[in-house]
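First comes the structure, then the notes that go with it.
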Amino acid sequence: MLSRRWVLFALAVAVLAYGCWWLGEWQFHRLEDRKESNAVTEHNIVADPQPVEDVLAVGEPVGSDEEWLRVRARGEYDDSQTVIVRYQTRDGASGVDVVTPLRLQDSGRLLLVDRGWVATENRGDASPDVPAPPTGTVDVVGWVRADATGDSTAVDHGSTRAISSATIGPTLDGEVLTGFVDLVSEQPEAARPLTLTETPDLGNGPHFFYGLQWWFFAALAVFGFGYLAFDERRKLRSAAAAKDDAPEPVRR
523 MLSRRWVLFA LAVAVLAYGC WWLGEWQFHR LEDRKESNAV TEHNIVADPQ
573 PVEDVLAVGE PVGSDEEWLR VRARGEYDDS QTVIVRYQTR DGASGVDVVT
623 PLRLQDSGRL LLVDRGWVAT ENRGDASPDV PAPPTGTVDV VGWVRADATG
673 DSTAVDHGST RAISSATIGP TLDGEVLTGF VDLVSEQPEA ARPLTLTETP
723 DLGNGPHFFY GLQWWFFAAL AVFGFGYLAF DERRKLRSAA AAKDDAPEPV
773 RR
């Protein structure tokens, strides 16, 4: 059992078991992070709406404790600067989200408002016909969202695949608050309301079962090694016993 082959085998099993144990710990840490994030979201969703410029500012990223806070704003939609978010689906149907800047009444800054989803053919070579926002002064309540990141946020001819004030802002005429809001309500309402954003999934996800799964793999590796070692020892003992019981050769 102290041969090079078995020593290397034992080391490989130890590394494998430790890796599986570490991955299990990682999944349980992710579970705790998910629970903490869900607790913040649950609190924010039901909190009273705050003035938008008390939460969002120019050049200041949205904090993790600010996402899904409700904010209120008053201003006028600038439909001429509407941005289409392509390739959005709801219940398997294709469509787009419609983001229209709201020029705030007090400061004149622009707030990106995701007014909701509408079914379209989702063709990339044509601008879809989407419902217009309410005209005149509008009171808006929405959920705060952080900017998306990556190549999908690039804006091309008034359309994008993910919302980011960092990329949409430079295409607009005015100073833009960082982040955006998902519309909850507006007064007056649009003549053709869009389908509003759904609230986030507040489940804990599969992290608990993934953690148990990795720990099971670690235990299986150790148990498997122990069984193979026991079996090897049993075979060696049997071979030794058979050798001892064999009759001595007759000498002539």
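Residue numbers are given in the numbering used here: position 143 of the sequence shown equals residue 665, and the series is strictly consecutive. Every residue, glycine too, gets a C-beta built ideally from N, C-alpha and C.
- Message: Quick test of your reading: I606 and P650, contact by CB under 8 Å. State the CB separation rounded to the nearest angstrom.
- Response: With 8 Å as the limit, I606 and P650 qualify as a contact, their Cβ atoms being about 6 Å apart.
- Go ahead and pull the three-state DSSP assignment for L742. DSSP, read as helix, strand or coil, puts L742 in helix.
- Task: Going by CA-CA distance only, name the one from E588, I690, D555, R526 that's closest to H729.
- Result: Among E588, I690, D555, R526, the Cα nearest to that of H729 belongs to D555.
- Rounded distance between the beta-carbons of V593 and Q572, thought under 8 Å: Confirmed, Cβ separation roughly 5 Å.
- Is it right to say D647 is buried, meaning 16 or more other beta carbons lie within 10 angstroms of its own, or is it exposed? In this prediction, D647 has a pLDDT of 49, which is less than 50 and means its spatial position is unreliable; nothing more can be read from the coordinates.
- Measure the Cβ-Cβ separation of T700 and S687 and say whether it is below 8 Å. Contact: yes.
- So, V677 versus E708, is the Cβ gap smaller than 8 Å? Result no, Cβ atoms of V677 and E708 do not sit closer than 8 Å.
- Task: Keeping to the same chain, check which residues put their C-beta closer than 8 Å to that of T659; ignore five residues upstream and five downstream.
- Result: The answer, listed in chain order, is R596, G597, E598, Q627.
- Compute the Euclidean distance between the alpha carbons of A532 and H551, then round it to the nearest angstrom. In this structure, the alpha-carbon of A532 lies about 28 Å from that of H551.
- Select from W665, T689, H679 the residue whose C-alpha is nearest the C-alpha of T671. T671 has its Cα closest to that of T689, out of W665, T689, H679.
- Task: Identify every run of the alpha helix (DSSP H) within the segment 524-568, keeping only runs that are complete inside it and at least 4 residues long; order them along the chain.
- Result: The segment 524-568 contains these whole alpha helix (DSSP H) runs: 526-568.
- Query: When DSSP labels each residue in this structure, what does R756 get in the three-state scheme?
  - Reply: For R756, the three-state secondary structure derived from DSSP is helix.
- Item | Spatial neighbours of D669 in its chain, beta-carbon cut-off 8 Å, leaving aside the 5 residues before and after | Apart from the 5 residues on each side of it in sequence, D669 sits with its Cβ closer than 8 Å to the Cβ of P583, V584, T675, I685, S686, S687, A688, T700, G701, F702 in its chain, given in chain order.
- Item | Burial state of A534, where buried means 16 or more other Cβ atoms lie within 10 Å | By the neighbour-count criterion, in which 16 or more other beta carbons inside 10 Å mark a residue as buried, A534 falls on the exposed side.
- Using the C-alpha atoms, what's the distance from E720 back to E711? Approximately 18 Å between the Cα atoms of the pair.
- Task: Mind checking which residues open and close the beta strand (DSSP E) that includes T824?
- Result: Residue 824 is absent from the model: the chain starts at 523 and stops at 774.
- Task: Reducing DSSP to helix, strand and coil, say where D570 ends up.
- Result: When DSSP states are grouped into helix, strand and coil, D570 belongs to the coil group.
- V574 versus G696: straight-line alpha-carbon distance, rounded: For V574 and G696, the distance between alpha carbons rounds to 17 Å.
- Message: On the CB-based measure, 16 or more other CB atoms within 10 Å of its CB, does D619 come out buried or exposed?
- Response: Taking a 10 Å sphere around the C-beta of D619, we find 16 or more other C-beta atoms and assign the residue as buried.
- Message: For G546 and H565, I'd like the C-alpha separation in whole angstroms.
- Response: Their Cα atoms are separated by approximately 29 Å.
- Using a threshold of 8 Å, state whether the C-beta atoms of L694 and P623 are closer than that. At a Cβ-Cβ threshold of 8 Å, L694 and P623 count as neighbours.
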